[in-house]
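First residue of the sequence shown: 9, per this note's numbering; consecutive thereafter.
Glycine included, C-beta positions come from ideal geometry on N, C-alpha and C.
A quick write-up on the structure given underneath.
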Amino acid sequence: MNPNHITIIGGGNLGVAIAEGLIASKYIAPANLTITRRQIEKLDHLAAKGVITSDNNSKSCLRGNLIILAVKPYQIKEILEEIKPVLDPNKHVLASVVTGVTLEDMQSVIGSDVSVFRVMPNTAIAIRESMTCIATNNADQESQQSILELFKQLGDAIMIDEGLMSASTVLGACGIAYTMRFIRAAIQGGIEIGFSSEVSQQIAVQTVKGAASLLMETGNHPEQEIDRVTTPKGCTIAGLNEMEHQGFSSSLIKGIKISHGKISGIAEEFERK
Ligand SMILES: NC(=O)C1=CN([C@@H]2O[C@H](COP(=O)(O)OP(=O)(O)OC[C@H]3O[C@@H](n4cnc5c(N)ncnc54)[C@H](OP(=O)(O)O)[C@@H]3O)[C@@H](O)[C@H]2O)C=CC1
Ligand SMILES: O=C(O)[C@@H]1CCC=N1
């Protein structure tokens with residue numbers, strides 16, 4: 009399966025980010041990309057780039073051979089029911105980025121003939137810097153390879169067991185928000201010690217990028233890199249220890265666990281529909 013026309017159903021935050029990443033990657037021409045939502049005028053900026061925009065999901069599925077579902081969890085069931093009559097197992101592959109809705113949930117509506125994936129990117133997909141985790145229970149190796157290759161164009165991508173999909177949602181997708189909050193706090197601290205907001209942001213953002221790049225390029229554990237920074241009796245260890253006394257690591261881990269626990273509640277919305 010080589011996606012020659014991609015249809016994204018649900019042109020909201022993530023759907024639009026995927027479309028922008030696809031356009032930037034040149035993986036597919038804008039004319040071979042369709043994106044839908046009910047308030048179609050909100051997709052005018054993509055239409056201006058040559059993307060096909062529509063408020064008709066079924067017609068849009070006829071155009072695409074890869075269909076990406078990017079609606080809210082409580083909306084996916086009725087959309088699957090809507091597009092089911094036009095789904096062709098010999099043509100279509102379905103990829104859902106919807107949180108908490110399982111492969112089995114989707115197959116309970118559309119059957120198991122069409123290859124189905126769960127794909128968990130994050131909003132950095134818009135600039136081709138997503139971490140994307142992918143799972144399937146019925147797609148063949150060739151389709152798995154195609155989907156993996158596609159999302160590798162948009163950042164990094166790995167196949168995982170579906171049982172880890174909620175965990176990947178929290179660490180990868182919610183992780184963008186957690187990291188932004190870290191950066192915001194660093195900016196606020198920078199202002200307290202003398203920088204303007206703009207310079208504080210410039211320093212904080214480049215420092216986070218540098219830290220991530222160090223780990224990516226060396227493969228080191230973060231604590232190895234911390235050891236290189238913490239001069240004995242120095243200012244780094246004093247600040248780090250105070251942050252830990254205030255619950256820095258603990259609050260992050262607790263937040264991750266709370267987010268993870270919340271996902272089973274999101275999935276119940278599918279059942280109630
Ligand atoms: N935002 C994120 O960072 C991430 C989100 N996710 C998951 O992705 C999904 C989408 O999230 P997000 O983009 O934030 O949500 P949004 O609400 O921004 O986007 C959902 C879009 O679906 C559209 N929509 C609703 N009903 C229909 C319909 N019947 N036909 C076509 N389009 C429809 C809505 O537009 P309209 O009302 O105009 O129809 C809306 O723009 C969720 O399931 C979320 O859990 C996963 C990982 C990260
Ligand atoms: O907050 C949410 O529920 C969605 C899933 C991951 C990111 N946003």
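- Short of 6 Å from the beta carbon of Ser120, and not among the five residues preceding or following it, lie these beta carbons of its own chain, in chain order: Asn146.
- If you keep only unbroken alpha helix (DSSP H) runs of at least 4 residues inside the segment 173 to 260, you get 173 to 176, 183 to 200, 205 to 226, 230 to 237 and 243 to 253.
- For Arg126, there is no enclosing alpha helix (DSSP H); the enclosing beta strand (DSSP E) has its first and last residue at Ser123 to Met128.
- According to the DSSP assignment, Ser138 belongs to the beta strand (DSSP E) that extends over Ser138 to Thr144.
- With a threshold of 16 other beta carbon atoms within 10 Å, Arg126 meets it and is buried.
- Nearest to Ile191 by C-alpha distance, out of Ala246, Ser205, Val178 and Ile16, is Ser205.
- Distances between the C-beta of Val105 and the heavy atoms of ligand 1 include at least one below 8 Å.
- Under DSSP, Met114 forms no beta bridge with any residue.
- DSSP places Ile75 in the strand class (E or B) of the three-state scheme.
- Runs of the beta strand (DSSP E) lying entirely within the segment 40 to 94, each at least 3 residues long, are 41 to 44, 60 to 62 and 74 to 77 in chain order.
- Around the CB of Thr244, fewer than 16 other CB atoms lie within 10 Å, so the residue is classed as exposed.
- Taking all protein chains shown into account, Ser257 has fewer than 16 neighbouring C-beta atoms within 10 Å of its C-beta and is therefore exposed.
- Short of 7 Å from the beta carbon of Ala175, and not among the five residues preceding or following it, lie these beta carbons of its own chain, in chain order: His268.
- Beta-carbon to beta-carbon, Leu88 and Val117 are separated by about 4 Å, close enough to satisfy the 8 Å threshold.
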